[in-house]
Amino acid sequence: MDKHQLLRDLPSVDQVLEKILRKEDGKKIPHEILVEKVREVIAELRRGIQEGRIKTAEKLDPAWVGEKAYHRTKAYLSPNLRPVINATGVVLHTNLGRAVLSQAARESLLTISRGYCNLEIDLDTGNRGSRYSHVVELICRLTGAEDALVVNNNAAAVLLALNTLACGKEVIVSRGQLVEIGGSFRVPEVMQASGAKLVEVGTTNKTYLEDYRRAIGEETALLLKVHPSNYRVMGFTHDTSLEEMVALGREKGLPVMEDLGSGFLIDLRTFGITGEPTVQEQLSAGADVVTFSGDKLLGGPQGGIIVGKKEFIARMAKNPLTRAFRVDKLTMAALEATLRSYLDKDQAIKEIPTLAMLVQPREEIERKARHLAQRLESILESRARVSIIPGMSQAGGGALPILELPTFLVALEPLSGRGVEEIARLLRQGEPSVMGRIAEERLLFDLRTVAEGEIEVLVQAIEKTFAQFN
Ligand SMILES: *Cc1c(COP(=O)(O)O)cnc(C)c1O
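Everything in the sequence shown is counted per numbering that gives the first Met the number 0, starting at 0 for the first residue and increasing by one.
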């Protein structure tokens with residue numbers, strides 16, 4: 000057909016709208032958006048005709064155009080932020096939202112968001128209170144700190160602490176600790192933004208107490224230790240311990256701060272999880288200030304927690320940056336509930352999903368893997384080969400980078416002729432979205448990070464994806 004005829008066959012916006020409005024939920028769609036999407040689809044068709052991609056009139060039928068515009072509008076109106084089934088085995092996956100909140104934290108979020116709350120009111124006196132008061136005592140009790148402050152994330156905590164304690168002054172840091180944690184948090188850059196001057200000492204692999212001592216001068220305001228988070232220097236190394244730094248700090252009248260990254264509050268050594276100091280240990284080793292995340296190993300909402308000596312915390316609380324970094328009632332609600340779980344350590348390990356996933360017994364993961372594998376075998380039949388293989392999970396979130404967490408994976412080897420990359424993409428785009436791993440032309444699902452209750456949903460997501468090939 001010639002282009003002019005096809006262009007004449009293009010339906011009008013009204014013709015298409017009429018088809019959509021006949022649908023059950025058609026009238027509920029915000030009209031402006033619907034019209035916009037209909038126009039978009041018609042414009043694309045017009046371009047298709049002009050560029051010779053559309054050669055027949057069948058796709059110009061108002062009903063067909065209506066279907067297309069309807070689905071596009073629905074997709075546009077559905078939330079961008081969606082749940083994802085995390086089958087990667089990375090417990091604290093920053094890109095997947097880090098810590099999964101406990102039931103108590105989720106319930107608290109609902110309760111507090113439903114109405115007003117006493118965020119900044121002292122209910123006994125009726126006077127203005129402090130939003131931090133709801134968690135400070137708890138944090139102090141759990142960590143042994145004198146005082147605490149909470150901000151939006153640990154990056155903000157470090158920036159606030161450095162700006163308060165060392166703006167215009169020098170901060171001494173080992174070269175082995177000038178780390179980058181995820182895209183935009185790099186110790187030297189945060190230091191610069193805080194107004195403090197970085198004084199690097201030692202080398203990448205070895206830094207001795209003497210290196211710190213020699214660097215101390217008139218302008219020194221702080222000795223800083225940074226948890227190397229996502230990497231480890233191995234082999235020919237020497238690290239100056241926090242205790243040594245504290246002794247030097249005391250001798251010279253300088254505070255010692257540690258950016259601990261993750262906020263481990265329970266020693267999980269008995270579960271084979273070693274190599275991560277707890278906040279309590281660092282405070283009792285004498286650190287004057289310790290900062291850590293709320294949504295890493297602590298297992299709560301995004302937040303930055305600053306603990307330490309009263310005089311330093313008090314100075315930070317008065318810094319205008321604290322107002323800029325302040326947390327809202329939702330963070331407070333989820334954080335308080337998460338911290339309350341820690342009052343009973345055994346309970347915390349069960350209730351806080353991050354901890355529960357880390358200490359999950361292998362047999363439990365294996366049982367979940369069998370369950371998933373059986374279900375997949377029955378629905379996929381000859382479309383994929385299903386097997387269970389041992390593997391390793393990761394703590395993630397920059398914590399415990401070299402810890403090996405033995406796990407079980409369900410491996411899917413598609414026999415449909417479709418590439419694993421394509422299947423992985425369809426799974427990601429599915430409803431619900433699923434993220435797994437890919438290795439050696441197989442899709443791998445790590446059951447450590449998939450809850451029992453998610454298995455059936457995962458099965459359905461996989462089934463839907465494979466159904467698209469038939
Ligand atoms: C993760 C991390 C940060 C940043 O914490 P956020 O809560 O993500 O802002 C800073 N320092 C260290 C050592 C970290 O591991």
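Here a beta-carbon is modelled for each residue, glycine too, at the ideal position from N, C-alpha and C.
Problem set entry | Backbone CA spacing between E420 and A466 [nearest angstrom] | Here residue 420 is taken as the residue at index 421 of the sequence shown, counted from 1. Here residue 466 is taken as the residue at index 467 of the sequence shown, counted from 1. Spanning the alpha carbons of E420 and A466 requires a straight line of approximately 16 Å.
Exercise. Expressed to the nearest angstrom, what Euclidean distance is found between the alpha-carbon atoms of M315 and Q176?
Worked result: Along the sequence shown, one-based indexing puts residue 315 at 316. Along the sequence shown, one-based indexing puts residue 176 at 177. In this structure, the CA atom of M315 is about 24 Å from the CA atom of Q176.
For this session: Compute every distance between the C-beta of N153 and the non-hydrogen atoms of ligand 1, then say whether any falls below 7 Å.
Result: Reading the sequence shown from its first residue, position 154 is the one you call residue 153. At least one heavy atom of ligand 1 is nearer than 7 Å to the Cβ of N153, so yes.
For this session: Assign I312 to one of three DSSP states: helix, strand, or coil.
Result: For the purposes of this step, residue 312 is taken as residue 313 along the sequence shown, with counting starting at 1. I312: helix per DSSP, three-state reduction.
Problem set entry | Contact the stretch 334-349 vs the stretch 372-392: 3+ CB pairs below 8 Å | The count of Cβ pairs closer than 8 Å, one atom from the stretch 334-349 and one from the stretch 372-392, stays below three, leaving the stretches out of contact.
Exercise. A438 by DSSP, collapsed to three states: which one?
Worked result: The residue you call residue 438 lines up with position 439 of the sequence shown. A438 falls in the strand class under three-state DSSP.
Problem set entry | Expected contact under 8 Å - CB spacing of S173 and G201 to nearest Å | As a working note, residue 173 is residue 174 in the sequence shown. As a working note, residue 201 is residue 202 in the sequence shown. Rounded to whole angstroms, the Cβ separation of S173 and G201 is 5 Å, and the two are in contact under 8 Å.
Exercise. What is the DSSP secondary structure of D13, reduced to helix, strand or coil?
Worked result: Sequence index remark: in the sequence shown, residue 13 carries index 14 (1-based). If DSSP states are grouped into helix, strand and coil, D13 belongs with the helices.
Problem set entry | Cβ-Cβ separation, N79 to L95 (assumed contact under 8 Å), whole Å | Residue numbering aside, residue 95 sits at position 96 when the sequence shown is read from its first letter. Residue numbering aside, residue 79 sits at position 80 when the sequence shown is read from its first letter. With a Cβ gap of about 15 Å, L95 and N79 do not count as contacting.
For this session: Classify I41 as buried or exposed, calling it buried when 16 or more other Cβ atoms lie within 10 Å of its own Cβ.
Result: Looking up residue 41 in the sequence shown gives position 42. With 16 or more Cβ atoms within 10 Å of its Cβ, I41 is classed as buried.
Problem set entry | DSSP state of I237 mapped onto helix, strand, coil | On the sequence shown, position 238 is the one that residue 237 refers to. For the sequence presented, residue 237 should be read as His rather than Ile. It is a strand residue.
Problem set entry | Neighbourhood of P10 by C-beta, 8 Å cutoff - its chain only, sequence neighbours within 5 removed | Working through the sequence shown from its first residue, we reach residue 10 at position 11. Within the same chain, and ignoring the five residues on either side of P10 in sequence, the residues whose Cβ sits closer than 8 Å to its Cβ are I41, L59, D60, P61, V64.
Problem set entry | Rounded separation between E453 and D24 - CA only | Residue 453 sits at position 454 when you count from the first residue of the sequence shown. Residue 24 sits at position 25 when you count from the first residue of the sequence shown. Cα to Cα, the separation comes out at about 30 Å.
Exercise. Can you tell me the Cα-Cα spacing of I437 and L247, whole angstroms?
Worked result: Looking up residue 437 in the sequence shown gives position 438. Looking up residue 247 in the sequence shown gives position 248. Rounded to whole angstroms, I437 to L247 spans 49 Å at the Cα level.
For this session: Would you tell me roughly how many angstroms separate the C-alpha atoms of I28 and E66, rounded to the nearest one?
Result: Reading the sequence shown from its first residue, position 29 is the one you call residue 28. Reading the sequence shown from its first residue, position 67 is the one you call residue 66. For I28 and E66, the distance between alpha carbons rounds to 14 Å.
For this session: Just confirm the distance between the C-beta atoms of G262 and L296, as a whole number of angstroms; I'd bet it's less than 8 Å.
Result: Taking the sequence shown and counting its residues from 1, the one referred to as residue 262 is at position 263. Taking the sequence shown and counting its residues from 1, the one referred to as residue 296 is at position 297. That pair is a contact at about 6 Å.
Exercise. Under a three-way DSSP split, which group does R7 fall into?
Worked result: Here residue 7 is taken as the residue at index 8 of the sequence shown, counted from 1. Helix, per DSSP.
For this session: Let me know the secondary structure DSSP gives L402 once reduced to three states.
Result: The residue given as residue 402 occupies position 403 in the sequence shown. Three-state DSSP puts L402 in coil, outside helix and strand.
Problem set entry | Check: I482 C-beta below 7 Å from any heavy atom of ligand 1 | As displayed, the chain neither begins before 0 nor continues past 469, which places residue 482 out of reach and without an answer.
Problem set entry | Per DSSP, the bridge partner or partners of P61 | Locating residue 61 in the sequence shown gives position 62, counting from the first residue. For P61, no pairing in a beta bridge is given by DSSP.
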